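146 is the number that my numbering gives to position 133 of the sequence shown; each next residue is one higher, with no gaps.
C-beta: ideal position from N, C-alpha, C; glycine also.
From a predicted model like this one, the values you see are computed outputs, not experimental measurements.
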Amino acid sequence: MAPRPAWKGYLKLSLVSCAVELTSATDHSEKVSFRVINRQTGNTVRRQYIDSVSGKPVDPDDEVKGYEIGSDEYLLVEEDEIDAVQIESSHTLSIEQFVDRAAIPQVYFDQPYYLSPSDEVSEEAFAVIREAMAKQKKAGIARIVLYRRERPVMIEPFDKGLLLTTLRYDKTVRQPDEVFDGLHKGKLDPELVDLATHIIEKKQAKFDPSGFEDRYEEALLALIEAKRKGRKPPVAKPAERPTNVVNLFEALKKSLGEEDDAPRKSSSAVKKPASGKSTKKAAAAKTRKSA
14 MAPRPAWKGY LKLSLVSCAV ELTSATDHSE KVSFRVINRQ TGNTVRRQYI DSVSGKPVDP
74 DDEVKGYEIG SDEYLLVEED EIDAVQIESS HTLSIEQFVD RAAIPQVYFD QPYYLSPSDE
134 VSEEAFAVIR EAMAKQKKAG IARIVLYRRE RPVMIEPFDK GLLLTTLRYD KTVRQPDEVF
194 DGLHKGKLDP ELVDLATHII EKKQAKFDPS GFEDRYEEAL LALIEAKRKG RKPPVAKPAE
254 RPTNVVNLFE ALKKSLGEED DAPRKSSSAV KKPASGKSTK KAAAAKTRKS A
């Protein structure tokens, strides 16, 4: 089932425009979700809005948004009044400028969305805009109203369409020196850096997102399955907690040695002996060698 678009409107580049739709690039559905249960009855519980003075539940028809204008004084605003607030970016993604993608610090990136033409008539104009951006290797900057909030966005070619990433406002991003200002500024030992560089080289790989699974969620599922079958929940072996390294040079050397051994261990693990006899011969040869 195709996901529902989060927004529909127009993509505009100068006088060229086309109808587009925005679809979230991520799926936030969880495999493990819990409901709140009344322990005494086993029934699910539901939340209610309670009047802060009378203590009585509020009927949904009487619920309304209020903007605080003074101490315990609120201006009531109806849903249809909020819906009536429209600006250009409510319905149009107007590309204001083009920048190098690398010029935008990653800390400003927020939520990714796929941007695609919403009808057949718009496909040609959409493809022309996408192709021109790909040719120039530039990302477009625009603004969009999503969930009743205007957000700056970055638009770039991605696969056969465009990727739109909402950006954080500058005032919401902490400056790095707020956190990093007190860090070590002295000269580092080149030999230590060289050892760390070699470890990084040994660990280089092609990024494959399919190789990552939520191990915590898997552990939760194992707990649930055990309880369903009336078994004791699995007891995880306590993970060894890392400590501060006292001798950095020795730790780096040892780490490099382990990385050197890792490929050999990996390749030997997949080789299957032809028979039990050959296994014994290999073990005997290993014993003689170590002796």
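Backbone CA spacing between residue i and residue j [nearest angstrom]
| i | j | result |
| --- | --- | --- |
| H172 | P251 | It is Asp, not His, that sits at residue 172 in the sequence shown. When rounded, the distance between both Cα atoms is 43 Å. |
| E6 | R114 | Look at the range of the chain in this structure, 14 to 304, and you will see that residue 6 is not part of it. |
| G22 | V98 | 16 Å |
| L201 | S42 | 45 Å |
| P18 | E133 | 16 Å |
| G199 | I82 | 52 Å |
| I168 | Q124 | 12 Å |
| E238 | A249 | 15 Å |
| L180 | E94 | 27 Å |
| R187 | D194 | 12 Å |
| H122 | G55 | In the sequence on display, residue 122 carries Phe and not His. Rounded to whole angstroms, F122 to G55 spans 43 Å at the Cα level. |
| V166 | C31 | 18 Å |
| R59 | V77 | 20 Å |
| V90 | D75 | 12 Å |
| A145 | L128 | 16 Å |
| H197 | E92 | 53 Å |
| P189 | A218 | 29 Å |
| A116 | K148 | 18 Å |
Per-residue DSSP class, three states only, for residue i
| i | result |
| --- | --- |
| E136 | helix |
| T178 | strand |
| G153 | strand |
| S280 | For S280, the predicted model reports a pLDDT of 37, less than 50, meaning its position is unreliable; a value from the coordinates is still stated below. It is helical. |
| Y160 | coil |
| F122 | strand |
| Y229 | helix |
| S37 | strand |
| G243 | coil |
| T54 | coil |
| I117 | coil |
| S291 | Here the model assigns S291 a pLDDT of 41, short of 50, so the residue's position is not dependable, and the following value carries that caveat. Helix, per DSSP. |
| K148 | helix |
| A264 | helix |
Same chain, Cβ closer than 8 Å to residue i, five either side skipped, listed in chain order
| i | result |
| --- | --- |
| A296 | At A296, the pLDDT of 39 sits below 50, so the modelled position is not reliable and the matter cannot be decided from this model. |
| E163 | I100, S102, R156 and I157 |
| R241 | none |
| T57 | R48, V49, I50 and N51 |
| R143 | P170, G174 and L175 |
| Q110 | G153 and I154 |
Rounded Cβ spacing between residue i and residue j (contact assumed at less than 8 Å)
| i | j | result |
| --- | --- | --- |
| L88 | Y126 | Going by Cβ atoms, the distance from L88 to Y126 rounds to 33 Å, so no, they are not a contact pair. |
| P130 | V33 | 6 Å |
| L265 | L208 | 4 Å |
Contact set for residue i: own chain, Cβ-Cβ below 7 Å, skip 5 residues either direction
| i | result |
| --- | --- |
| A235 | P247 |
| D96 | none |
| D64 | V71 |
Cutoff 6 Å; reference residue i; Cβ partners in own chain excluding five residues on either side
| i | result |
| --- | --- |
| H104 | G22 |
| P16 | T36 |
| L106 | L24, A155 and I157 |
| S84 | none |
| P73 | none |
Contact test: residue i Cβ vs the ligand HEM heavy atom, cutoff 8 Å
| i | result |
| --- | --- |
| R241 | As for the ligand HEM, it is missing from this structure, which has no ligand bound. |
Practice prompt. Report yes or no: do the segment 38 to 58 and the segment 145 to 152 share at least 3 C-beta pairs separated by less than 8 Å?
Written response: Taking a contact to require three or more Cβ pairs closer than 8 Å, the segment 38 to 58 and the segment 145 to 152 do not qualify as touching.
Practice prompt. Give a yes or no on contact between the segment 227 to 237 and the segment 30 to 42, applying the rule of three or more CB pairs nearer than 8 Å.
Written response: Result no; under three Cβ-Cβ pairs closer than 8 Å.
Discussion item. Three Cβ pairs or more, each shorter than 8 Å: is that satisfied between the segment 19 to 38 and the segment 132 to 139?
Written reply: Output reads yes: the segment 132 to 139 touches the segment 19 to 38.
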